[in-house]
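Residue numbers (the numbering used here): 49 to 182.
Note that beta-carbon positions come from the ideal geometry of N, C-alpha and C, so glycine has one too.
Model, not experiment: these values are computed from the prediction.
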């Protein structure tokens, strides 16, 4: 496993630990993303099923980059099965998957605050009401 050679001793210890969760706390530029990426790759190489791994990021860019890095180590097929994305994208995916259990269609749209305001404003206008009253 060539990727392990790119890590220092502490990083390698975090990557090779497979008996449960691992908390990685470190400063900027210390290799946290590399550790998380290689840990996921290592778990996959140890036979952990991709769909049992959840990796949450704050941005779509970070999720995409991590998935690409993992794919470069373990291959695209394994990386494809990971539950990896932003908090919003992962939970939207879960909601879409379970929508019928909740009595909803899976093709719903999630509005942010501005989208919601615009929708309400349009409804008020269509009803011939003044948005100043509401």
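Mind reading off the beta-carbon distance from residue i to residue j? Whole number of angstroms is fine, and I expect it under 8 Å.
i: residue 63; j: residue 83; result: 6 Å
i: residue 159; j: residue 150; result: About 17 Å; that fails the 8 Å criterion.
i: residue 132; j: residue 115; result: 5 Å
Using only CA atoms, which one of the options lies nearest to residue i?
i: residue 123; options: 106, 180 and 98; result: 98
i: residue 137; options: 74, 104 and 54; result: 104
What is the rounded straight-line gap between the Cα of residue i and the Cα of residue j?
i: residue 175; j: residue 164; result: 17 Å
i: residue 78; j: residue 88; result: 18 Å
i: residue 66; j: residue 91; result: 7 Å
i: residue 86; j: residue 51; result: 7 Å
i: residue 152; j: residue 143; result: 9 Å
i: residue 139; j: residue 81; result: 22 Å
i: residue 55; j: residue 61; result: 9 Å
i: residue 128; j: residue 141; result: 14 Å
Along the beta strand (DSSP E) that carries residue i, what are the first and last residues, could you check?
i: residue 134; result: 131-134
i: residue 103; result: 102-105
Kindly indicate the opening and closing residues of the alpha helix (DSSP H) around residue i.
i: residue 163; result: 161-174
i: residue 83; result: 80-93
i: residue 128; result: 124-128
i: residue 54; result: Segment: none, residue 54 is in no alpha helix (DSSP H) and carries neither H nor E.
Can you give me the Cβ contacts of residue i inside the same chain, cut-off strictly under 6 Å, excluding the 5 residues immediately before and after it?
i: residue 59; result: 79 and 83
i: residue 57; result: none
Chain D beta carbons: is any one of them nearer than 8 Å to that of residue i?
i: residue 104; result: Included in the structure is just one protein chain, with no chain D present.
Apart from the five residues just before and just after residue i, which ones in its own chain have a Cβ nearer than 8 Å to its Cβ?
i: residue 147; result: 153, 154 and 156
i: residue 70; result: 62 and 87
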